[in-house]
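For the record, the sequence lines run as chains A and B.
So for the first sequence, our numbering puts the first residue at 60; every next one is plus one.
So for the second sequence, our numbering puts the first residue at 85; every next one is plus one.
All C-beta atoms, glycine included, are put in the ideal place defined by N, C-alpha and C.
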Amino acid sequence: MRLGDAPIGAAFLALAVAVLWHIRDFPPAPGQPYGPALFPGLIAAGLALASVLLMVSAWRPGVQTSEGQAAGGEGDVRAEAPRWLPFITTVGALVGYVALVDRLGFIITAFLMLCSQFAAYRVRPALIVPVAAVSTLLVHAAFYKLLRVPLPWGLLSGWTW
Amino acid sequence: MEALAAAFQMVFSVQTLVVMVLASLFGLFVGAVPGLTATMATALLVPITFFLPPIPAIAAMVTATAMAIFAGDIPGCLVRIPGTPASAAYVDETYRMTVKGHAETALGVSLVFSVIGGLFGTLVLILAAPALAAAALQFSSFEYFWLVLLGLTCAVFVSGDAPLKGMITLFLGLLLGCVGLENPAAHPRFTFDLPDLLSGVSLIPAMIGLFAVSEVLRFSLDANPLAPVSRQVGSVFRGMGAMMRRYPVQTLRGSSLGTVIGALPGAGADMAAWMSYAISRRFSREPEKFGTGHPEGLVEAGAANNSALAGAWIPALVFGIPGDSITAIVIGVLYMKNLNPGPTIFINNPSSIYAVFLLFIIANLLMLPLGWLCIKVAARLLRTPRNLLMPVILLFCVVGAFAINNSPFDLWILVAAGLLGWFLETHGFPIAPAILGMLLGTMLEEHFIRSMIKADGNLIAFVERPIAAGLALLVLVVWGVSAWLGWRRRRAIT
């Protein structure tokens, strides 16, 4: 699923207008005419202009803006359309980790995050649980023990090591 | 002299050397596995460097990137998939050499000329940076304003073939850089009453998101398995002396162009390789052989992408303006380590600067033995299944982003930046300008406002000093040339 340049340009234009609207009530800097609204205002104006140009170029017939660099000759064997399940699982795992890590703790959340992705990427079922467990414990040892990052324990707080 | 001795002491400590070897292995691995880039290697290293003293931290990043750029050539040569985008320019050439049975020559050329290019770039860095820094001491806010603007302009026009899209991501980055209290009136801008945003959008989680998380997301949509590798590689170094004697001009041209491209903000190793390969073909006496397994372009482009790495450090150290996306991350780390880049660091902290120079030399020399080793185990490395690797990398991203400030809020920044980066990249918007905008936005605003106050709103004052005027002219030239090229391209299409 790819959006055209026109709707993207419209979205950026809306963002620029929202910024310009928002900075109207920034207070001036005391004692001088150049306040905190000046710089974001200039940038938002620039963004608005560039967005309009992008929309115009998308509508002009015959001239296509570049399709983004092809991924460096990364194989032309993409026969099927992109599969969305792995993507959604990945985003879900990421958001789930951030939302749950304080409550469940690092070890449980990271383990679930890895398992769900391995399953979505079609890793052999026999490998999923062991690889996820070992990776989780290794990352935990490296960051919690060695680097002293306070990764949360969550549900396991009674059994810390 | 004292500073040099101190630098030697810092670099040749057990800790630094151990870090360098480990970082080399990490860089070789990341470079050799397709889909992982040198920039990603740097982003993943940041949380680790957080726990190291300054010099080992810099050592880790210098060695890992140098190794990754070289190692990117290996899968290109063996299975026709570039390990990093910087190797994409000549992947067909090296693969053809492998098909003809010259895999060891292709890999040998990659390795040896990577080292030569890297050392050449380092030499230029050593000679140019202190001289530039001496000149930069005279700079006022006007010169800095134009310099930052020039950097941002180059990032938009040099880095991609879609300058309009680059401009949009640049503005987006600049707007993100506006978030927080750091502005003329210390007014909380765009913070939406979230106390976590008062100090701005955390740069490192945003970078890990934009460069590494987006890469994992892209992989999740396009998980194609790797072709199996079963190639024997003979003696890598045989015939390299002859290559050097045969292509001295190409080596020098590739290294110089690479250094210059690297030093230009926004354009890095990938750009250097593409341009050098094209130039090599244009000036070659046997251009018809290009693309059939001919080492000439490989010599030039292989030297170019490694020299670009060192070149990118010139503006990064002297002005705090990154030359590519890797140094954009490095600058963030330098600030974290109280090694604020800028001309004064050459006076206040010369031993650290000498140490950086030494690190570059050692990293490039280390590439010979470790690169050779990597070539030998490449077939095995290439079999690392990416569907096992990518989830673990994502876990690293999450833990790394948290480790910087121990802030759960940074994790949301990571998620948002990852999704944004993935969306922008799939729609042909370059990412590097956004990072540059975020990094340089505060600096640009500060120098702009200060100049406006000094000049009392008189815009003529921006071009009254000679160097400021020269830089302004340069900005105009880049805009003019890019507009003209765009117009010519459009006319050619219609």
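Suppose the cutoff is 8 Å on Cβ atoms and the five residues either side in sequence are ignored; what does the same chain contact list for residue i look like?
i	result
Glu133 of chain A	A caution first: Glu133 of chain A carries a pLDDT of 40, below 50, which makes its placement in the model unreliable, though a value can still be read off. Hits under 8 Å: none found.
Gly63 of chain A	Ala117
Thr148 of chain A	Ser175, Gln176, Ala178, Ala179
Leu442 of chain B	Ala91, Phe92, Val95
Gly111 of chain B	Ala122, Ala125, Thr147, Ala148, Thr149, Ala150, Met151, Ala152, Ala155
Leu498 of chain B	Pro289, Ala290, Ile292, Gly293, Val297, Cys481, Val482, Ala485
Asn76 of chain B	This structure cannot settle anything about residue 76 of chain B, because the visible part of chain B is limited to 85 through 578.
Would you mind telling me which residues of chain A sit closer than 8 Å to residue i, beta carbon to beta carbon, in chain order?
i	result
Met251 of chain B	Gly105, Ala109
Cys458 of chain B	By Cβ distance, chain A contributes nothing, its closest Cβ being about 20 Å from Cys458 of chain B, past 8 Å.
Cys262 of chain B	Phe98, Pro99, Ile102
Gly502 of chain B	Leu153
Gly564 of chain B	Within chain A, no residue comes near Gly564 of chain B; the closest Cβ sits about 17 Å away, beyond 8 Å.
Met420 of chain B	Those within 8 Å of Met420 of chain B in chain A number zero; the least Cβ separation is about 15 Å.
Determine the extent of the alpha helix (DSSP H) in which residue i is found, giving its start and end residues.
i	result
Gly111 of chain B	98-116
Glu299 of chain B	298-305
Gly416 of chain B	409-420
Glu548 of chain B	Counting along the chain, Glu548 of chain B falls outside any alpha helix (DSSP H), and DSSP gives it neither H nor E.
Gly151 of chain A	143-163
Thr149 of chain B	138-155
Pro211 of chain A	It is not in any alpha helix (DSSP H) - Pro211 of chain A carries neither H nor E in the DSSP assignment.
Arg330 of chain B	324-330
Thr123 of chain B	122-133
Ser194 of chain A	184-199
Pro289 of chain B	287-291
Gln93 of chain B	86-95
What does a CB cutoff of less than 6 Å around residue i pick up in its chain, not counting 5 residues either side in sequence?
i	result
Gly68 of chain A	Ser110, Leu113, Met114
Leu216 of chain B	Val402
Ala394 of chain B	Gly205, Thr206, Leu209, Phe444
Asn390 of chain B	Ile153, Ser198, Gly201, Gly202
Ala392 of chain B	Gly342, Ile345, Gly346, Gly352, Ala353, Ala356
Arg464 of chain B	none
Ile288 of chain B	Val130, Gly416, Ile488
Pro87 of chain A	Gly94
Ser339 of chain B	Gly201, Phe204, Ala387, Ser391
Leu136 of chain B	none
Please list, in chain order, the chain A residues whose beta carbon lies closer than 7 Å to that of residue i.
i	result
Val300 of chain B	Thr149
Phe255 of chain B	Ile102, Gly105, Leu106, Ala109
Val499 of chain B	Leu153, Val154, Val157
Asn267 of chain B	Pro95
Leu495 of chain B	Val157
Ile519 of chain B	Simply none; closest approach about 16 Å.
Leu216 of chain B	By Cβ distance, chain A contributes nothing, its closest Cβ being about 27 Å from Leu216 of chain B, past 7 Å.
Met536 of chain B	Tyr93
Run down chain B in chain order and give the residues with a C-beta less than 7 Å from the C-beta of residue i.
i	result
Ile67 of chain A	His511
Val190 of chain A	Leu472
Pro209 of chain A	Asn490
Val182 of chain A	Asn471, Leu472
Leu206 of chain A	Phe135, Ala487
Going by DSSP, which residues form a beta bridge with residue i?
i	result
Gly68 of chain A	BP columns for Gly68 of chain A are empty, so no partner.
Gly264 of chain B	B:Arg273
Mind pulling the chain A residues with CB within less than 9 Å of residue i?
i	result
His271 of chain B	Phe85, Pro86, Ala88, Gly94, Pro95, Ala96
Ala516 of chain B	Residues of chain A passing the Cβ test: none, with the nearest at roughly 12 Å.
Phe229 of chain B	Near Phe229 of chain B there are no residues of chain A at all, since even the closest Cβ is about 12 Å away, more than 9 Å.
Could you tell me which chain B residues have their CB closer than 9 Å to the CB of residue i, listed as they occur along the chain?
i	result
Met172 of chain A	Pro475, Leu478, Leu479, Val482
Val198 of chain A	Val476, Leu479, Phe480, Val483
Ser194 of chain A	Leu472, Pro475, Val476, Leu479
Ala169 of chain A	Leu479, Val482, Val483
Leu72 of chain A	Near Leu72 of chain A there are no residues of chain B at all, since even the closest Cβ is about 10 Å away, more than 9 Å.
Can you pull the chain D residues whose beta carbon is under 8 Å from the beta carbon of residue i, in chain order?
i	result
Leu112 of chain A	In the structure shown, chain D cannot be found, because the protein chains are A and B.
Once you ignore the five residues that flank residue i on each side, which residues in its own chain have a CB closer than 7 Å to its CB?
i	result
Thr182 of chain B	Cys161, Leu162, Ala190, Arg315
Thr253 of chain B	Leu508, Phe513, Pro514, Ile515, Pro517, Ala518
Ile166 of chain A	Thr195, His199, Leu215
Met327 of chain B	Val193, Pro379, Val383
Please list, in chain order, the chain B residues whose beta carbon lies closer than 8 Å to that of residue i.
i	result
Leu62 of chain A	His511
Arg162 of chain A	Within 8 Å Cβ-Cβ: nothing; Arg162 of chain A doesn't reach chain B, min ~11 Å.
Ser116 of chain A	Leu248
(message) Which runs of the alpha helix (DSSP H) at least 4 residues long sit entirely within the segment 162-189 of chain B? Give them in chain order.
(response) Given a length threshold of 4 residues, each whole run of the alpha helix (DSSP H) inside the segment 162-189 of chain B is given here in chain order: 175-183.
(message) Report the start-end ranges of each alpha helix (DSSP H) in the segment 334-417 of chain B that is 4 residues or longer and not cut off at the edges.
(response) Here the runs fully enclosed are 353-367, 379-395, 397-403.
(message) List, from N- to C-terminal side, the alpha helix (DSSP H) runs of 4 residues or more that fit wholly inside the segment 465-538 of chain B.
(response) List check, alpha helix (DSSP H) in window: 470-489, 492-510.
(request) Ignoring anything shorter than 4 residues or poking outside the segment 215-260 of chain B, list the alpha helix (DSSP H) runs there in chain order. (result) If only complete runs of 4 or more residues are kept, the segment 215-260 of chain B shows the alpha helix (DSSP H) at 225-243, in order along the chain.
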